[in-house]
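Enquirer: Questions regarding the structure given below will be posed in turn.
Set out below in C-alpha cells:
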C-alpha cells in the first residue's frame, strides 16, 4: 500500500489552469495586442486570460477580449487547444483554448493591460511573440484546427512540442491523443 500512496501523491501534483486566447483575422490583417503588464509583458499576443469561476470557457474568452481591447464578440469559433508546461515548474499545465473571432462590434481600444494593433499577415512580429507561435500560427492563418503541447526550458527555449491537426473539437479529440 505504501507504494500506491506514493504514486497517488505524484498524480495529485499535476495541476491545470484553464486560459483563453482570441485572435481576429480580417482579410490580410491580424489583430494582436502588446501585453503591457503581468505574465508575457513586452510581447505581442492574442487577447485572453483566465476563465473565472462559474463561466464557460467561451464566456471567459468573450469577457477577456472585451476587457483587454473593448471589442464585443458576435461570432466565436474554437480552432485550437494547447498545453504549456515550463521545465522549472513541471506538473503545472497552462491549458489554453484558442478562438477565432469572426463577427465583432466596436473598434479596438487600448486598456491597462493591452495595446491593440492590426498587422499585415506578411508582417506578423514573430520575434516579439511567444516562440511557440511560429509553429501553430500558420495553422490558424490557414483556418486549420489543432491540438498541441509545448515544454519550455530556460530563456523561452522550446524543449519539446507536438502539434496535430483535428477535424473538429466535437469528435472528442484530446491532448491525451498526442
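Numbering (this note's numbering), first residue to last: -12 to 165. The beta-carbon is built from N, C-alpha and C at its ideal position, and this holds for glycine as well.
Taking buried to mean at least 16 other C-beta atoms within 10 Å of its own C-beta, is residue 48 buried or exposed?
Expert: As a position in the chain shown, residue 48 is number 61, starting the count at 1. When all chains shown are included, residue 48 counts as buried.
Enquirer: Could you work out which residue in 90, 76, 154, 103 is closest to residue 13 when comparing CA atoms only?
Expert: Along the chain shown, one-based indexing puts residue 13 at 26. With distances taken between Cα atoms, residue 13 lies closest to 90.
Enquirer: In terms of residues, what are the limits of the alpha helix (DSSP H) holding residue 10?
Expert: Position 23 of the chain shown, counting from 1, holds the residue named residue 10. Segment 2 to 13 is the beta strand (DSSP E) holding residue 10; no alpha helix (DSSP H) there.
Enquirer: Going by DSSP in three states, residue 39 sits in which element: helix, strand or coil?
Expert: What you label residue 39 is simply residue 52 of the chain shown in a count that begins at 1. Coil at residue 39, not helix or strand.
Enquirer: In the DSSP output, which residue or residues are listed as bridge partners for residue 88?
Expert: The sequence position of residue 88 within the chain shown is 101, counting from 1. Partner(s): 11, 63.
Enquirer: Measure from the alpha carbon of residue 41 to the alpha carbon of each residue in 5, 19, 21, then state which is nearest.
Expert: Here residue 41 corresponds to residue number 54 of the chain shown, with the count starting at 1. Considering only alpha carbons, the answer is 5.
Enquirer: Is residue 149 helix, strand or coil when you go by DSSP?
Expert: By 1-based counting over the chain shown, the position of residue 149 is 162. Strand, per DSSP.
Enquirer: Helix, strand or coil for residue 123 per DSSP?
Expert: Counting from one through the chain shown, the residue named residue 123 turns up at place 136. Three-state result, residue 123: helix.
Enquirer: Tell me, which residues are paired with residue 21 by DSSP?
Expert: Residue mapping note: residue 21 aligns to position 34 of the chain shown, counting from 1. In DSSP, residue 21 forms a bridge with 31, 102.
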